[in-house]
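Okay, so the sequence shown: first residue is 1 according to the UniProt record's numbering, each after it adds one.
Heads up: the structure comes next, in structure tokens.
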Amino acid sequence: MCTVITYHSGNHYFGRNLDLDYSYNETVVIMPRHYNFIMRKMKAIESHYAIIGMATVVGNYPLFYDATNEEGLSMAGLNFPDYSYLNPYNESKDNVTSFEFIPYILSTCKNVKEARVKLKTINLYDEPFSKEYPNSTLHWMIADKEEAIVVESMKDGLHIYDNPVGVMTNNPPFNIMNFALNDYASLSPKQPENTFGTSLHLYSRGMGGLGLPGDLSSKSRFIKVAYTKLNSKSKEDENSAVHQFFKILGSVEQQYGLCEVTPGAYEYTIYSSCVNIEEGIYYYTTYNNSHIHGVNMHHTDLDASTLTIHKLIKDEPLDII
Numbered sequence: 001m002c003t004v005i006t007y008h009s010g011n012h013y014f015g016r017n018l019d020l021d022y023s024y025n026e027t028v029v030i031m032p033r034h035y036n037f038i039m040r041k042m043k044a045i046e047s048h049y050a051i052i053g054m055a056t057v058v059g060n061y062p063l064f065y066d067a068t069n070e071e072g073l074s075m076a077g078l079n080f081p082d083y084s085y086l087n088p089y090n091e092s093k094d095n096v097t098s099f100e101f102i103p104y105i106l107s108t109c110k111n112v113k114e115a116r117v118k119l120k121t122i123n124l125y126d127e128p129f130s131k132e133y134p135n136s137t138l139h140w141m142i143a144d145k146e147e148a149i150v151v152e153s154m155k156d157g158l159h160i161y162d163n164p165v166g167v168m169t170n171n172p173p174f175n176i177m178n179f180a181l182n183d184y185a186s187l188s189p190k191q192p193e194n195t196f197g198t199s200l201h202l203y204s205r206g207m208g209g210l211g212l213p214g215d216l217s218s219k220s221r222f223i224k225v226a227y228t229k230l231n232s233k234s235k236e237d238e239n240s241a242v243h244q245f246f247k248i249l250g251s252v253e254q255q256y257g258l259c260e261v262t263p264g265a266y267e268y269t270i271y272s273s274c275v276n277i278e279e280g281i282y283y284y285t286t287y288n289n290s291h292i293h294g295v296n297m298h299h300t301d302l303d304a305s306t307l308t309i310h311k312l313i314k315d316e317p318l319d320i321i
């Protein structure tokens, strides 16, 4: 399971927690403008917007988990089991596989408005990358500095939802998740008002947040990170904003050992990311390295034709004085 958010504090930011019980040796990848993006059923895209994101690279092909293009359009795929459905090939549509979806949208669209137009003709069809890399059951959030949407391919069709809170987790479908916020409308950073008509003692700070979920289920993470993000405040300099972004994601990070998916295998937050979408800087932390590392896409030749790959710095030694 995973969590993705947007955030505005001076600049605009987009990022996610990747929560899984295994790693595919993900790396920060820059796909420059002239990388030949080969597609299974559509014409290769030889010239396109440059992209930076987290991906597993297989045979020089980037399988993106989340990414941002040079125009600031961002996209992430999150697990959506039980509901995700990929269609048969449809000759009247633009047939795009799930593993092509992120780079296809980010290669060809500069904002959400353009992505909405592309989505009208897309058929997300069922073809795996390989036997070793089968299709994932995903839904996606697409965002720019103005708006965010959620895309869910289900048996009854392709659903596109406006996302006013800029947050997405996993099951159930987004419209149900978003409606659930109504149950928590009374939450507040302020102390609660006594409406009992009798003397009461507010014995602790933070009691306006009583009832805020704290478990690791997707609905609870959705509520908690939405509340945290929408009430979060930070200074507008880059250092403060980026640190605050990771603190927001930290409110729903998963610790190893708390979510058993199969006997002896535990889901945990493998990495967290934060992209400054105006500047093209991709920041990340890993489970064993809380130090924030950044990769600036503009420090690379964006007119090149080959991928630039940055291995993650996954471990941080203890600093003992």
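Where a beta carbon is used, it is the ideal one built from N, C-alpha and C, also for glycine.
Since we're looking at a predicted model, the values are computed, not measured.
Exercise. How about I270 and L18: are their beta carbons less than 9 Å apart?
Worked result: yes
Problem set entry | Same chain only: Cβ atoms within 7 Å of V225, ignoring 5 sequence neighbours per side | T3, I5, V167, I248, S251 and V252
For this session: Please work out which residues of its chain come closer than 7 Å, Cβ to Cβ, to F245, disregarding the five sequence neighbours upstream and downstream, and give them in chain order.
Result: Y7, Y13, G15 and C274
For this session: Answer yes or no: do V28 and Y203 have a C-beta to C-beta separation smaller than 9 Å?
Result: no
Problem set entry | Reference V117; option with closest CA among P317, T306, N36 and I160 | I160
Exercise. If you check the beta carbons only, do K43 and T97 fall under 9 Å apart?
Worked result: no
Problem set entry | Residue from S272, L106, G280 and Y133 whose Cα sits closest to the Cα of I292 | S272
For this session: Using a threshold of 9 Å, state whether the C-beta atoms of L106 and L73 are closer than that.
Result: yes
Exercise. Just to confirm, are E152 and F174 a CB contact at a threshold of 9 Å?
Worked result: yes
Exercise. Using a Cβ-Cβ cut-off of 7 Å (strictly less than) and excluding sequence neighbours within five positions of I102, which residues of its own chain qualify?
Worked result: F64, A67, M75 and G77
For this session: In angstroms with no decimal places, state the Cα-to-Cα distance between Y22 and Y85.
Result: 23 Å
Exercise. For V295, is the classification buried or exposed, using 16 other Cβ atoms within 10 angstroms of its Cβ as the cut-off for buried?
Worked result: buried
Exercise. Starting from I248 and walking both ways along the alpha helix (DSSP H), at which residues does that stretch end?
Worked result: E238 to G250
Exercise. For K229, which of helix, strand or coil comes out of DSSP?
Worked result: helix
Exercise. Which word fits F198, buried or exposed, when buried means at least 16 other C-beta atoms lie within 10 angstroms of its C-beta?
Worked result: Residue identity differs from the one stated: residue 198 is Thr in this sequence, not Phe. Exposed, since its Cβ has fewer than 16 Cβ neighbours within 10 Å.
Exercise. Thinking C-alpha only, which one of H243, H201, L20 and Y35 is nearest T306?
Worked result: Y35
Exercise. Since N123 contacts N90 with CB under 8 Å, what's their CB separation in whole angstroms?
Worked result: 4 Å
Problem set entry | Proximity winner among Y282, N289 and K314, relative to H299 (alpha-carbon distances) | Y282
For this session: Tell me where the alpha helix (DSSP H) around S130 begins and ends.
Result: Segment: none, S130 is in no alpha helix (DSSP H) and carries neither H nor E.
Exercise. Grouping DSSP H, G and I as helix and E and B as strand, with all else coil, what is P103?
Worked result: helix
Problem set entry | Distance between G208 and I228 (C-alpha atoms, nearest Å) | Before going further, note that residue 228 is Thr rather than Ile in the sequence given. So the alpha carbons of these two residues sit roughly 13 Å apart.
Exercise. Any idea if H201 is buried or exposed, counting beta-carbon neighbours within 10 angstroms, 16 or more meaning buried?
Worked result: exposed
For this session: Look at the alpha carbon of M54 and the alpha carbon of Y24, and state the distance between them as a whole number of angstroms.
Result: 11 Å
For this session: Put N69 into one of helix, strand or coil per three-state DSSP.
Result: strand
For this session: For N87, collect the residues of the same chain with a Cβ closer than 8 Å to its Cβ; drop the 5 residues on either side in sequence, then sort them by chain order.
Result: N123, L124, Y125, D126 and S153
For this session: Using beta-carbon positions only, say whether N11 and A241 come within less than 9 Å of one another.
Result: yes
For this session: Would you tell me roughly how many angstroms separate the C-alpha atoms of R205 and N194, rounded to the nearest one?
Result: 14 Å
For this session: With DSSP collapsed to three states, give me the class of A76.
Result: strand
Problem set entry | Residue from M177, M141 and P189 whose Cα sits closest to the Cα of residue 326 | There is no way to answer for residue 326, as the model of the chain reaches only from 1 to 321.
For this session: Tell me D94's beta-bridge partners as DSSP assigns them.
Result: I122
Exercise. Within 10 angstroms of its Cβ, does T137 collect 16 or more other Cβ (buried), or is it exposed?
Worked result: buried
Exercise. What is the rounded straight-line gap between the Cα of M31 and the Cα of W140?
Worked result: 20 Å
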